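One point on numbering: in this note's numbering, the residue at position 13 of the sequence shown is 188, and numbering is uninterrupted. By construction, the Cβ of each residue, glycine as well, lies at the ideal position given by its N, Cα and C atoms. Just so we're clear, the structure is a prediction, and the values are computed from it rather than from any experiment.
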Amino acid sequence: MKNTIKITLLIAALTVFGDLTSNEIESNKSVVATKERVVEELSTIMPEATVSESEIPGIYSVSIGTMVGYVSEDGKYILRGDIYDMETNENITEGLRAKSRIELLKSINEESMVIFAPDTFDRTVTIFTDIDCGYCRKFHSQIKQVMEQGIRVRYLFFPRTGPGKESWLKAQKVWCSEDRLKAMTRAKKGSSIRSETCLDDPVESHYNTGLEFNVRGTPTLITDSGEMIVGYMEATSLRAKLDSES
């Protein structure tokens with residue numbers, strides 16, 4: 176629902192430019208002037224929107240979190256979808272999303288995460304996980320092998336069934352446990368967890384962040400480069416994937 180609202184707001188923000196008259200367009204031929212107008216109009220509706228020139232002349236990208244849309248400089252056309260460079264086969268739009276994901280991850284305090292880290296590591300993956308997700312459990316069953324590959328795992332809670340449900344309460348119990356790593360492993364094995372409730376658990380914050388990332392399934396992995404990988408990966412395959420990004 177939240178992502179639907181964001182898409183709607185993005186479209187609404189882009190349609191603001193539809194009221195430009197031909198005289199206004201004629202008087203704003205310079206790229207700088209046009210961009211200033213785009214930014215000015217957008218800021219009245221979505222202050223957090225980022226506007227930048229796209230690879231296509233006369234088209235601007237508009238990013239709100241990890242959501243990306245496009246608008247023509249005269250405000251007449253709105254584009255939804257991905258732009259590809261046919262020479263390099265690069266998904267330009269996905270590149271913008273990846274940058275947004277990196278920035279969003281930077282805003283999350285690591286102290287709010289459940290982190291499994293080897294003594295030495297040179298790769299990190301951030302994973303939206305659900306305690307009761309079968310493939311999340313399968314991934315965690317190989318957490319030792321993942322760490323042996325030199326990979327640090329940062330878990331964010333994303334109970335798919337939503338607030339107040341059993342998976343949500345299990346996530347809170349993991350966080351409120353004295354030893355969160357052991358509690359996470361026990362929970363992923365289906366074992367019960369004994370813990371008291373505690374204040375300021377990050378489950379709701381993590382869940383909302385997952386919505387910002389447009390997470391639709393678990394596990395969802397975010398790499399250091401901002402790429403999103405949905406689904407289970409075996410430890411050596413994950414390492415190979417991360418190495419391919421270098």
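Contact set for residue i: own chain, Cβ-Cβ below 8 angstroms, skip 5 residues either direction
i	result
Ile172	The structure shown does not extend to residue 172, since the chain is modelled only from 176 through 421, so no value can be given for it.
Phe117	Nothing can be reported for residue 117: it is not among the residues displayed for the chain, which extend from 176 to 421.
Lys313	Tyr407
Thr241	Arg272, Ser275, Arg276, Leu279, Glu387, Phe388, Asn389
Gly365	Arg312
Glu420	Thr398, Asp399, Ser400, Glu402
Glu379	Pro338
Ile285	It should be pointed out that residue 285 corresponds to Glu in this sequence rather than to Ile. Within the same chain, Glu285 has close Cβ partners Arg329.
For residue i, three-class secondary structure by DSSP
i	result
Ser202	No answer about Ser202 holds up, because its pLDDT of 45 lies below 50 and its placement is not dependable.
Ile368	coil
Glu269	helix
Glu323	helix
Thr241	coil
Ser419	helix
Thr411	helix
Met261	coil
Glu402	coil
Ile253	strand
Glu228	strand
Own chain partners of residue i with C-beta closer than 6 angstroms, once the 5 adjacent residues on each side are dropped
i	result
Cys311	Thr304, Asp305, Thr393, Pro394
Ser342	Asp305, Ile306, Asp307, Pro334, Thr336
Tyr259	Asn266
Ile200	The predicted model places Ile200 with a pLDDT of 39, which falls under 50 and marks its position as unreliable; any figure quoted below should be read in that light. The residues are Asp249.
Cβ neighbour criterion (16 or more within 10 Å) applied to residue i
i	result
Phe332	buried
Ser316	exposed
Met288	buried
Val206	Here the model assigns Val206 a pLDDT of 44, short of 50, so the residue's position is not dependable, and the following value carries that caveat. Val206 is exposed by the Cβ-count criterion.
Thr263	exposed
Lys363	buried
Val243	buried
Arg369	exposed
Pro377	buried
Val405	exposed
Arg298	buried
Thr384	buried
Leu374	exposed
Same chain only: Cβ atoms within 7 angstroms of residue i, ignoring 5 sequence neighbours per side
i	result
His381	Leu331, Phe332, Phe333
Leu401	What sits at residue 401 in the sequence shown is Gly, not Leu. Taken in chain order, the residues that qualify are Ala273, Lys274, Arg276, Ile277.
Minimum Cβ-Cβ distance from residue i to chain C less than 8 angstroms
i	result
Ile253	Reference to chain C is not applicable here, since this structure consists of a single protein chain.
Three or more C-beta pairs closer than 8 angstroms, one from the stretch 383 to 397 and one from the stretch 300 to 311: is that the case here?
yes
Any chance the stretch 401 to 409 sits against the stretch 343 to 354, with 3 or more Cβ pairs inside 8 angstroms?
no
In chain order, each beta strand (DSSP E) run of at least 3 residues that lies wholly inside the stretch 272 to 318:
289 to 291, 298 to 304
Would you list, in sequence order, the uninterrupted beta strand (DSSP E) runs of no fewer than 3 residues that lie entirely inside the stretch 325 to 397?
326 to 332
Contact between the stretch 258 to 277 and the stretch 227 to 246 is defined here as three or more beta-carbon pairs at a separation below 8 angstroms; is this criterion met?
yes
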